[in-house]
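Colleague:
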Amino acid sequence: MKLQLSDEDVAFRDEMRTFFTTQIPQDIRDTVTARRELSKDQIVRSMQAMNAAGIAVPNWPVEWGGKDWTPLQRHIWHEEMQLAGVMPPLAFNASMVGPVIAAFGSQEIKERFLPKTANLDIWWSQGFSEPDAGSDLASLRTTAVREGDEYVVNGQKTWTTLGQYGDWIFTLVRTDPNVKKQAGISFLLIDMTSPGLTVRPIELIDGGHEVNEVFFDNVRVPAENLVGEENKGWDYAKFLLGNERVGVAPVGSTKRTLAQAKEYAKTAGPGGTSLLDDPLVAAQIVELENDLLALELTALRVVANSADGKPHPASSVLKLQGTVLQQAVTELWVDLAGPNALATGAGDGSDVPDLARTATTNYLNYRKASIYGGSNEVQRQIIAGTILGLRG
1 MKLQLSDEDV AFRDEMRTFF TTQIPQDIRD TVTARRELSK DQIVRSMQAM NAAGIAVPNW
61 PVEWGGKDWT PLQRHIWHEE MQLAGVMPPL AFNASMVGPV IAAFGSQEIK ERFLPKTANL
121 DIWWSQGFSE PDAGSDLASL RTTAVREGDE YVVNGQKTWT TLGQYGDWIF TLVRTDPNVK
181 KQAGISFLLI DMTSPGLTVR PIELIDGGHE VNEVFFDNVR VPAENLVGEE NKGWDYAKFL
241 LGNERVGVAP VGSTKRTLAQ AKEYAKTAGP GGTSLLDDPL VAAQIVELEN DLLALELTAL
301 RVVANSADGK PHPASSVLKL QGTVLQQAVT ELWVDLAGPN ALATGAGDGS DVPDLARTAT
361 TNYLNYRKAS IYGGSNEVQR QIIAGTILGL RG
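Sequential numbering from 1 applies to the sequence shown in the UniProt record's numbering.
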């Protein structure tokens, strides 16, 4: 099946394709396509290159660097970026706190933070989840008590992705314990160099350091760092999480990774023979290709029905099936790599291809995909109730 774009959208797609394949430094694209971990410097340089071209934060208001693109053009931007092996702009900045500040922040906060946020001069961390408040986020216990012109913050956040790089952390805190749990939460911006704030690494199953715990021990935060109104943070958090789930089904990057697996399989058999001659392997790849095409068509349907800015119910299908396919492709890589997949880590001078030796690391890491952005179990409930009309 061929997807037909208008002449205008074809020109836009070609413009994006040219930019991403020529203007993003090659070392960054090579790292992404080899499925290795990007350094902080590479992430910053990539986003700054996009911001210099005015395309880092197209979802923001135009006055703060956004683009007056159609939903389809935004979808094309996202897909071409992934197909070219370019990391999307840092989500904490571009998709999370930036839109919240633009929508609810004071003019002073907007001027103070938005330009630096778009250019990744400030690296934002997310302070939402806690040890006893993950899926039930409204049960958070981190408190912020007002003392004069400051809040005094105490508590703990966990699973803070890339928090070791953070300059500031946008944090949900409880400012009123005497009302229902959703009503007593505020949205506070905290300098991560503040006295009393400690970041502690959490080692992952693959041995990596991607997530952290953040502790607040009498951390004093200027009251001017409150976004919007006190005790309205839950409304802002729901707005943020809606933005977080935009693009959560990475069709482009999954297509690229599957194409790499197919190419690798051509010579991965005994003596350099092709694994594609095995009918079971061939059938597995074809099935994944068909599932990805179906997901892409669903994504376009969501785009076509989201012009009014409201999320389409099928967006839950994107998140669910998108992460299922991400995990399926990483599992395929482990199968194809065979014993080579045990040689974890890249570039040790052996003759094991980097894409094979990172297979296990990526397989383990992407177990998280069915949890973040709304767990797949929750998405199934949404699909059953909202799309299928099944109420239990």
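Think of the CB as a built atom: it goes at the ideal place given N, C-alpha and C, for glycine as much as any other residue. A quick note: this is a predicted structure, and the numbers were derived from the prediction, not measured.
Would DSSP call P222 helix, strand or coil?
Modeller: Three-state DSSP puts P222 in a strand.
Colleague: Determine the direct distance from the alpha carbon of Y165 to that of G45, and round the result to whole angstroms.
Modeller: The amino acid occupying residue 45 in the given sequence is Arg; Gly does not appear at that position. For R45 and Y165, the distance between alpha carbons rounds to 14 Å.
Colleague: Using a Cβ-Cβ cutoff of less than 7 Å, which residues in the same chain neighbour Q82 once the five nearest sequence positions on both sides are dropped?
Modeller: Closer than 7 Å at the Cβ level, and outside the excluded window around Q82, lie P250, G252, S253 and R256.
Colleague: Could you check the C-alpha separation between A341 and P201 for me, to the nearest Å?
Modeller: C-alpha separation (whole angstroms): 26 Å.
Colleague: With a threshold of 6 Å on Cβ separation, who are the neighbours of A337 within its own chain once the five nearest residues in sequence on each side are excluded?
Modeller: Excluding positions up to five away in sequence, the list reads A356 and A359.
Colleague: To which residues does DSSP link S186 through a beta bridge?
Modeller: S186 is bridged to V173.
Colleague: Beta strand (DSSP E) containing A144: first to last residue?
Modeller: Note, A144: beta strand (DSSP E), T143 to E147.
Colleague: When the Cα atoms are used, what is the spatial distance from G184 to R174?
Modeller: If I take the Cα positions, the gap works out to 6 Å.
Colleague: Going along the chain, which residues of its own chain have a beta-carbon closer than 6 Å to the beta-carbon of I190, five neighbours each way excluded?
Modeller: Counting only Cβ-Cβ distances below 6 Å, and skipping sequence neighbours, we find I169, T171 and V221.
Colleague: Cβ of F20 less than 8 Å from any chain C Cβ?
Modeller: Among the protein chains of the structure shown there is no chain C, as only one such chain exists.
Colleague: Could you give the C-beta distance for M102 and P58, rounded to a whole number, given that I count them as a contact under 8 Å?
Modeller: Before going further, note that residue 102 is Ala rather than Met in the sequence given. That belief does not hold up - the Cβ atoms of A102 and P58 are roughly 13 Å apart, past 8 Å.
Colleague: The beta strand (DSSP E) with G155 in it runs from where to where?
Modeller: Here the beta strand (DSSP E) through G155 covers E150 to K157.
Colleague: Does F239 come out as helix, strand or coil in the three-state DSSP assignment?
Modeller: Note: F239 maps to helix in three-state DSSP.
Colleague: Grab the span of the beta strand (DSSP E) containing S125 for me, first residue to last.
Modeller: Start and end: W124 to G127.
Colleague: Measure the C-alpha to C-alpha separation of V10 and R17 and round it to an integer number of angstroms.
Modeller: Each residue's Cα considered, the two are about 10 Å apart.
Colleague: Do you know whose CA, among P99, H75, G65 and P177, lies nearest Y236's CA?
Modeller: The shortest Cα separation from Y236 among P99, H75, G65 and P177 belongs to P99.
Colleague: Is F113 closer than 8 Å to I122 when the C-beta atoms are compared?
Modeller: Yes. Within cutoff.
Colleague: So, V86 versus F20, is the Cβ gap smaller than 8 Å?
Modeller: Their beta carbons are under 8 Å apart, which means V86 touches F20 by this criterion.
Colleague: For L318, which option in Q23, V329, S194 and L297 has the closest C-alpha, if you only look at C-alpha atoms?
Modeller: Of the listed residues, the one whose Cα sits closest to L318 is L297.
Colleague: Identify every residue that forms a DSSP beta bridge with D191.
Modeller: DSSP output for D191 lists W168 as bridge partner(s).
Colleague: What span of residues does the beta strand (DSSP E) with I28 cover, start to end?
Modeller: Unbroken run through I28 is the alpha helix (DSSP H), Q26 to T33; no beta strand (DSSP E).
Colleague: Between the Cα of T330 and those of A84, N365 and I43, spot the shortest distance and give me the residue it belongs to.
Modeller: Nearest option by C-alpha distance: N365.
Colleague: Quick one, are the C-beta atoms of L140 and E130 less than 8 Å apart?
Modeller: Result yes, Cβ atoms of L140 and E130 sit closer than 8 Å.
Colleague: So which of Y363, A304, P89 and V324 has the shortest CA-CA distance to W333?
Modeller: Closest option to W333, Cα to Cα, is Y363.
Colleague: Tell me whether G271 is buried or exposed, calling it buried when 16 or more other Cβ atoms sit within 10 Å of its Cβ.
Modeller: Label assigned to G271: exposed.
Colleague: Rounded to whole angstroms, how far is the Cβ of L276 from the Cβ of A282, which I believe are closer than 8 Å?
Modeller: 5 Å between Cβ atoms; contact.
Colleague: The beta strand (DSSP E) with P201 in it runs from where to where?
Modeller: Here the beta strand (DSSP E) through P201 covers L197 to E203.
Colleague: Going by Cα to Cα distance, which pick from L325, R367, T273 and P88 is closest to L38?
Modeller: Nearest C-alpha to L38: P88.
Colleague: For the alpha helix (DSSP H) containing E37, list its first residue and its last residue.
Modeller: It is not in any alpha helix (DSSP H) - E37 carries neither H nor E in the DSSP assignment.
Colleague: Skipping 5 residues on each side, what residues in its chain have a beta carbon closer than 6 Å to that of D176?
Modeller: These residues qualify, in order along the chain: G184 and N231.
Colleague: Go to F12, then tell me how far its alpha helix (DSSP H) extends in each direction, as first and last residue.
Modeller: Counting along the chain, the alpha helix (DSSP H) containing F12 begins and ends at D7 to T22.
Colleague: Indicate the three-state DSSP secondary structure (helix, strand or coil) for E230 in the structure shown.
Modeller: Note: E230 maps to coil in three-state DSSP.
Colleague: How about the region 151-167 and the region 200-219: do they share at least three Cβ pairs that are nearer than 8 Å?
Modeller: Enough Cβ pairs lie closer than 8 Å, so yes.
Colleague: One question on the structure: do G134 and T143 come within less than 8 Å of each other, judged by their Cβ atoms?
Modeller: No, Cβ-Cβ distance for G134 and T143 is not below 8 Å.
Colleague: Is K181 near A118, with beta carbons less than 8 Å apart?
Modeller: Their beta carbons are not under 8 Å apart, which means K181 does not touch A118 by this criterion.
Colleague: Just the Cα atoms here: how many angstroms apart are G196 and F216?
Modeller: Taking the straight line from one Cα to the other gives about 6 Å.
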